[in-house]
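Residue numbers (our numbering), protein chains in the order written: chain A, 405 to 603; chain B, 405 to 603.
A quick write-up on the structure given underneath.
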DNA sequence: GTTTTTATCATACACTCGTATTGCGAAGGA
DNA sequence: TCCTTCGCAATACGAGTGTATGATAAAAAC
């Protein structure tokens with residue numbers, strides 16, 4: 405029954421199942437059978453779409469990168485227009501931090517893959533890609549803000565963009581293990597924004 | 405042969421074997437047999453010291469926390485005396501970043517456990533403990549520096565201590581996957597120190 | 001000197017794992 | 001209409017897993 409089925413769509417659905425299993429029991433507990441059960445298909449079906457477990461996990465990580473990118477884009481669209489540059493930056497960075505359920509789940513999955521990336525360059529490449537994509541957008545906004553005179557005198561736009569993103573990413577881990585509350589984390593973000601933006 | 409053997413010492417040695425395996429093949433590939441092989445003992449010996457794999461990994465994480473604490477203490481002792489407060493902070497934070505081989509290895513192991521911590525509160529507790537211990541020391545130094553008038557006017561000592569530590573911890577991941585070079589990372593640290601310290 | 005303890009090992013057991021193989025039925029091209 | 005292709009499933013297999021059990025030898029306790 406090769407009913408015309410969207411191959412990529414199916415793979416994405418399986419990737420979502422991978423995320424669900426990681427979120428529940430951790431990436432070390434992910435088995436191909438678990439993913440099949442989560443997706444409510446047979447083991448053979450998963451094998452049909454991914455020749456190997458490694459291929460499945462790599463695809464899942466790529467899907468995660470795209471998914472985060474899409475989520476940030478829609479978050480931005482939710483901003484009441486017209487929005488200041490500072491508000492855009494704040495809203496986007498806030499969205500990258502695990503402070504509600506969806507973002508928290510994404511962060512858990514990201515860290516799981518990070519642990520793989522320290523030992524397998526293929527995962528590292530995808531995570532690096534995800535990181536630099538967001539950083540590039542942020543640097544663009546900062547350059548615009550700098551040109552518009554919205555930054556405090558003496559601050560370097562590129563450096564501040566990088567530092568700010570590093571700061572928010574540094575908050576991810578502590579937020580997940582309860583070292584900081586979401587309020588504290590957003591407070592640190594706002595403090596940094598106060599120091600950077602003049603307006 | 406109960407030749408008086410230091411139980412804790414043996415456990416620490418096995419924990420080191422755990423770290424070695426994690427560093428080579430990742431935490432998901434850690435089996436009790438691997439650890440035994442790495443430590444050059446039999447499977448039964450590992451079982452003698454740890455009733456279960458979970459207990460072994462938890463002990464290893466506790467040992468990691470102590471080990472990092474000890475390493476930071478000895479790093480501090482290596483500072484040419486008398487050292488300014490700023491130099492102490494810089495040297496210590498630099499030591500927490502994965503920029504050479506030992507610190508890199510420690511970071512890899514930490515991230516591996518972090519991935520467990522997102523799903524198992526027992527690991528989260530230990531990591532939280534490690535995090536707050538270092539943060540407390542840092543805040544102490546900042547409070548002293550503040551009292552001595554070494555900070556720039558208008559900066560809040562506690563907030564800056566937290567932000568600075570979060571920044572350096574945010575650099576750990578990118579450093580491991582090659583998104584930043586050690587030079588860039590230290591540059592960001594120095595930039596932040598310039599902004600905080602008056603002297 | 002006998003008896004406990006204890007450190008260490010070898011082996012066994014019941015799983016679960018990733019992956020390969022095979023089969024089947026339905027759709028699409030000829 | 002035939003027949004190739006494809007989505008999907010069931011099953012098999014060997015390897016590796018965590019853990020339990022039994023044996024051995026040596027040090028300690030008495």
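Backbone N, C-alpha and C define an ideal beta-carbon position, used for all residues, glycine too.
Query: Whose CA, out of 417(A), 523(A), 433(A), lies closest to the CA of residue 581(B)?; Result: 523(A)
Query: Does residue 478(B) pass the burial test, meaning 16 or more other C-beta atoms within 10 Å, or should it be called exposed?; Result: exposed
Query: Name, going along the chain, the residues of the stretch 568-580 of chain A whose beta-carbon falls closer than 7 Å to a beta-carbon of chain B.; Result: 570, 571, 573, 574, 575, 577, 578, 580
Query: Using a C-beta cutoff of 8 Å, does residue 473(A) count as contacting chain B?; Result: no
Query: So which residues on chain B does residue 429(A) lean against when the C-beta distance must stay under 9 Å?; Result: 523
Query: Starting from residue 599(A) and walking both ways along the alpha helix (DSSP H), at which residues does that stretch end?; Result: 586-600
Query: Can you tell me whether residue 485(A) is buried or exposed? The criterion is at least 16 other CB atoms within 10 Å of its CB, across all chains shown.; Result: exposed
Query: So if I threshold CB-CB distances at 7 Å, which residues from the stretch 516-543 of chain A count as touching chain B?; Result: 516, 518, 519, 520, 521, 522, 523, 528, 531, 532, 535, 536
Query: Could you compute how far the alpha carbon of residue 494(B) sits from the alpha carbon of residue 576(B)?; Result: 15 Å
Query: Go ahead and pull the three-state DSSP assignment for residue 483(A).; Result: coil
Query: How about residue 600(A) and residue 548(A): do their beta carbons lie closer than 8 Å?; Result: no
Query: Would you call residue 534(A) buried or exposed, if buried means 16 or more other Cβ atoms sit within 10 Å of its Cβ?; Result: buried
Query: Please decide whether residue 512(A) counts as near chain B, where near means a Cβ-Cβ distance under 8 Å.; Result: yes
Query: Tell me, please, whether the stretch 508-524 of chain B touches the stretch 431-445 of chain B by the rule of three or more beta-carbon pairs shorter than 8 Å.; Result: yes
Query: Straight-line CA distance for residue 560(A) to residue 468(B)?; Result: 38 Å
Query: Between the stretch 421-451 of chain A and chain B, which residues of the former have CB atoms less than 7 Å from a CB of the latter, in chain order?; Result: 429, 430, 431, 432
Query: Taking only beta-carbon positions, decide if residue 553(A) is within less than 8 Å of chain B.; Result: no
Query: Looking at chain B, is there any beta carbon in it that lies within less than 8 Å of the beta carbon of residue 563(A)?; Result: yes
Query: Give me the Cα-Cα distance between residue 542(A) and residue 551(B), rounded to the nearest whole angstrom.; Result: 36 Å
Query: On a CA-only basis, which of 451(B), 537(B), 557(B), 475(B) is nearest residue 569(B)? Give me that one, please.; Result: 537(B)
Query: Would you report the Cα separation of residue 509(A) and residue 419(B), rounded to the nearest angstrom?; Result: 30 Å
Query: Closer than 7 Å by C-beta to residue 442(B): which residues in its own chain qualify, once you throw out the five before and the five after it? Chain order, please.; Result: 421, 424, 425
Query: For a quick check, are the C-beta atoms of residue 571(A) and residue 502(A) less than 8 Å apart?; Result: no
Query: Please compile the residues from chain A whose C-beta is within a distance smaller than 7 Å of the C-beta of residue 566(B).; Result: 592
Query: Are the Cβ atoms of residue 496(A) and residue 554(A) separated by less than 8 Å?; Result: no
Query: Check distances from the C-beta atoms of the stretch 468-496 of chain A to those of chain B and list, in chain order, the residues that come in under 8 Å.; Result: none
Query: Which same chain residues end up closer than 6 Å to residue 464(B) when comparing Cβ atoms and leaving out the 5 residues on each side of it in sequence?; Result: 419, 422
Query: What is the C-beta distance between residue 483(A) and residue 491(A), in whole angstroms, given that I count them as a contact (C-beta under 8 Å)?; Result: 7 Å
Query: Less than 8 Å separating the beta-carbons of residue 453(B) and residue 489(B)?; Result: no
Query: Going by DSSP, what residue range makes up the alpha helix (DSSP H) through residue 414(A)?; Result: 411-429
Query: Answer yes or no: does any C-beta atom of chain A fall closer than 8 Å to that of residue 582(B)?; Result: yes
Query: If we cut at 8 Å on Cβ distances, does residue 596(B) have a partner in chain A?; Result: yes
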